[in-house]
Structures are given as structure tokens and as C-alpha cells.
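**Q** Structure in C-alpha cells, see below.
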Amino acid sequence: MSVLLLTGFEPFGGEKVNPSFEAARRLDGYKKGDLVVRALELPVSWEQVPPMLEQALGEHSLSFVLSVGQAGNRAKMAVERIGINICFGKDNYDVSRNGERIVAEAPDGYFSSFPICDLAEAINKTGVPAYVSDSAGTYLCNYTLFLLEHLIRQRRLPITAGFIHIPYLPEQTTDKPQQLLPSMSLDTVVTGLRAAIDHLSDILQRRCPN
Ligand code: PCA
4 MSVLLLTGFE
14 PFGGEKVNPS
24 FEAARRLDGY
34 KKGDLVVRAL
44 ELPVSWEQVP
54 PMLEQALGEH
64 SLSFVLSVGQ
74 AGNRAKMAVE
84 RIGINICFGK
94 DNYDVSRNGE
104 RIVAEAPDGY
114 FSSFPICDLA
124 EAINKTGVPA
134 YVSDSAGTYL
144 CNYTLFLLEH
154 LIRQRRLPIT
164 AGFIHIPYLP
174 EQTTDKPQQL
184 LPSMSLDTVV
194 TGLRAAIDHL
204 SDILQRRCPN
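Residue numbers for the sequence shown follow the numbering used here, so the first one is 4 and each next one is one higher.
Following this line, the structure appears as C-alpha cells:
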């Protein structure tokens with residue numbers, strides 16, 4: 004079996020849940036063809052994420068890393084195109100970044116090594132709205148996508164990676180005053196992520212048919 008590592012984040016910004024890890028947890032152990040999903044929760048921490056990713060990328064039989072994060076202002080699932088070499092904001096552990104490069108000597112950005120347009124289309128086909136996003140921001144989600152692509156290239160790993168931002172859960176919007184605050188149910192998010200995983204499994208099958 005090949006492994007797809009599915010990461011989600013711990014809650015941040017005063018929220019009690021983060022739908023990204025709730026969804027990843029639901030898909031832990033999901034199998035499609037030769038692919039099995041392993042879920043991992045990442046802390047919203049500038050310092051803890053890099054060693055965790057470095058360790059995770061060493062896992063035997065790893066083919067894909069799909070990272071997921073919450074983006075409360077988005078109405079659709081957003082398949083991210085690029086991770087940029089900049090970090091900004093205060094994390095859950097009171098550690099701040101102020102716009103410095105993530106890796107001093109690395110390029111300005113890395114495109115996701117996933118077939119992002121095909122993934123957005125596969126998600127849309129299941130009836131779950133998705134689009135290709137040109138900015139993952141400058142916080143921990145962008146950081147994770149950038150670092151994954153950096154480490155994969157640096158170590159020449161046979162792994163591809165990508166990032167999907169997801170909206171708030173409906174219950175996360177009840178305490179907020181905005182009238183037009185988008186949300187998506189956990190079932191819908193799980194359906195969309197499963198479609199993306201199934202698509203990646205098909206790619207694997209075509210790569211190594213048996
Ligand atoms: N979203 C944040 C970090 C953790 C998460 O779920 C982001 O968009 O950067």
C-alpha cells in the first residue's frame with residue numbers, strides 16, 4: 004500500500020475546533036485502490052511544524068501529502084496553487100513572524116506539485132464547490148505548503164504535495180455578527196476531500212498499474 008498523509012491543523016484564532024483536522028480525522032484509514040490515508044494533526048506553530056514535516060516525509064511508502072487548513076472567509080474549497088517564501092503573524096504559542104523569508108536561500112515560491120486544476124474539477128464533480136486559489140496567505144498554511152515543496156525538492160523525494168483551504172463549519176459562524184459569512188458542513192468537506200484523494204489514487208494506479 005502507498006500512504007497519503009492527510010494533515011489538518013489544531014484550532015487557532017479563538018476557535019474551539021478546526022474543521023481541517025476534524026475532516027482529516029474522519030478520513031484516517033480510508034482506502035482507495037492501493038492508497039491508504041493517514042491523518043496527522045499539525046500545531047499552529049512556526050517552530051513545531053518544520054521538524055514534524057521533516058519527520059513525516061521520512062515515512063515509508065509515502066506517495067502524497069495533502070494538507071488542509073481553515074480559511075474562514077472562503078465559500079468554496081480552495082486548492083492552492085503556490086506557497087510563497089514569506090511568513091507573517093503570531094502563532095498559538097506567542098511566536099511571531101514579521102514578513103521574513105521562510106528559508107533564506109530558497110526561491111520566492113514553489114508551485115504545488117499536485118494537479119491542482121484536475122483536483123478542483125474532481126471535487127466539483129461530486130457537487131462540492133471548489134476552485135483553484137492563487138494565494139494561501141502568509142500564515143501557517145502557506146508556510147506548510149512552502150515547506151513541503153521545499154523539503155520534497157531538496158531531498159528529491161518521490162512524493163507530491165498540495166494544500167486545500169476549507170471554509171468554517173456552520174457552527175463556527177453562529178457567534179459571529181457578519182450576515183454573509185460562508186460555511187460548509189463537515190460531511191460536505193469530507194466528500195470533497197475524498198474526491199481529491201480518489202483522484203490521487205487513480206493517478207497512482209496509472210503510474211504503477213499491476
Ligand atoms: N488555517 C491557517 C493556519 C491554520 C489553519 O487551519 C492559515 O490559513 O494559514
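Backbone N, C-alpha and C fix where the C-beta goes; we use that ideal spot for every residue, glycine too.
(1) Taking the alpha-carbon of D201 as reference, which of T147, K35, E44 has the nearest alpha-carbon?
(2) Flag A59 as yes when its Cβ comes closer than 7 Å to any non-hydrogen atom of the ligand PCA, and as no otherwise.
(3) Using DSSP with H/G/I as helix, E/B as strand and the rest coil, what is F67?
(4) Counting along the chain, where does the alpha helix (DSSP H) carrying A125 start and finish?
(5) Look up H168 in the DSSP assignment and give the residues it is bridged to.
(6) Would the segment 41 to 51 count as touching the segment 74 to 82 if we require 3 or more Cβ pairs under 8 Å?
(7) Going by beta carbon distance, what residues of the same chain come within less than 7 Å of F114, once the five residues before and after it are set aside?
(8) Between the Cα of R156 and the Cα atoms of V135, L38, E57, Q182, which residue gives the shortest distance?
(9) If you follow the beta strand (DSSP E) that T288 is part of, which residue opens it and which one closes it?
(10) Check whether the Cβ atoms of R88 and D111 sit closer than 8 Å, and answer yes or no.
(11) Taking the C-alpha atoms as reference points, what is the distance between G65 and G16?
(12) For the ligand PCA, is there a heavy atom less than 7 Å away from the beta-carbon of L143?
(13) At a cut-off of 7 Å, would you count V47 as near the ligand PCA, judging by its Cβ distance to the nearest heavy atom?
(14) Counting only runs that start and end within the segment 135 to 169, where is the alpha helix (DSSP H) found for 4 or more residues in a row?
(15) With 16 as the cutoff for other CB atoms within 10 Å, does P180 come out buried or exposed?
(16) Can you list, in chain order, the residues of its chain with a C-beta nearer than 6 Å to that of D137? Leave out the 5 residues immediately preceding and following it.
(17) Measure from the alpha carbon of E18 to the alpha carbon of each residue in L148, Q208, Q182, T177, then state which is nearest.
(18) Please name the residue in M187, R158, L196, R28 whose C-alpha comes closest to that of L172.
(19) Would you kindly work out how many angstroms separate the C-alpha atoms of I169 and L69, rounded to a whole number?
(20) Could you give the DSSP three-state label for S263: helix, strand or coil?
(21) Using only alpha-carbon positions, find the residue among G195, V82, Y142 that is nearest to I126.
**A** With the structure as the only source:
(1) Residue mapping note: residue 201 aligns to position 198 of the sequence shown, counting from 1. Considering only alpha carbons, the answer is K35.
(2) On the sequence shown, position 56 is the one that residue 59 refers to. Answer for A59: no, Cβ out of range of the ligand PCA.
(3) Start at 1 with the first residue of the sequence shown, and residue 67 comes out as number 64. Looking at F67 - three-state DSSP - the assignment turns out to be strand.
(4) Taking the sequence shown and counting its residues from 1, one reaches residue 125 at position 122. Per DSSP, A125 belongs to the alpha helix (DSSP H) from 119 to 128.
(5) For the purposes of this step, residue 168 is identified with residue 165 of the sequence shown, where counting begins at 1. DSSP lists G72, A81 as partners of H168.
(6) no
(7) In the sequence shown, residue 114 corresponds to position 111, counting from 1. Excluding residues within five positions, the ones whose Cβ falls inside 7 Å are R84, I85.
(8) On the sequence shown, position 153 is the one that residue 156 refers to. The shortest Cα separation from R156 among V135, L38, E57, Q182 belongs to E57.
(9) Since the first residue of the chain shown is 4 and the last is 213, residue 288 is not available in this structure.
(10) Within the sequence shown, residue 88 is the residue found at index 85, counting from 1. Within the sequence shown, residue 111 is the residue found at index 108, counting from 1. Reading off the sequence shown, one finds Asn at residue 88, where the question assumed Arg. Yes, these two residues count as a Cβ contact at 8 Å.
(11) Taking the first residue of the sequence shown as 1, we reach residue 65 at position 62. Taking the first residue of the sequence shown as 1, we reach residue 16 at position 13. Rather than Gly, the amino acid found at residue 65 in this sequence is Leu. Looking at the two C-alpha atoms, the distance is approximately 31 Å.
(12) In the sequence shown, residue 143 corresponds to position 140, counting from 1. Checking every heavy atom of the ligand PCA against the Cβ of L143, one is found closer than 7 Å.
(13) Here the question's residue 47 lines up with position 44 in the sequence shown. Answer for V47: yes, Cβ within range of the ligand PCA.
(14) Counting whole runs of 4 or more residues, the segment 135 to 169 contains the alpha helix (DSSP H) stretches 143 to 157.
(15) Locating residue 180 in the sequence shown gives position 177, counting from the first residue. Under this definition P180 is an exposed residue.
(16) Against the sequence shown, residue 137 aligns to sequence position 134. So the qualifying residues of the chain are R84.
(17) Along the sequence shown, one-based indexing puts residue 18 at 15. Comparing Cα positions, the closest option is T177.
(18) Counted from its first residue, the sequence shown places residue 172 at position 169. Ranking M187, R158, L196, R28 by Cα distance to L172 puts M187 first.
(19) Looking up residue 169 in the sequence shown gives position 166. Looking up residue 69 in the sequence shown gives position 66. Separation of I169 and L69 (C-alpha to C-alpha, rounded to the nearest whole angstrom) is 13 Å.
(20) For residue 263 there is no data in the structure shown, the boundaries of the chain being 4 and 213.
(21) Translated into positions along the sequence shown, residue 126 becomes position 123. For the residues G195, V82, Y142, the minimum Cα distance to I126 belongs to G195.
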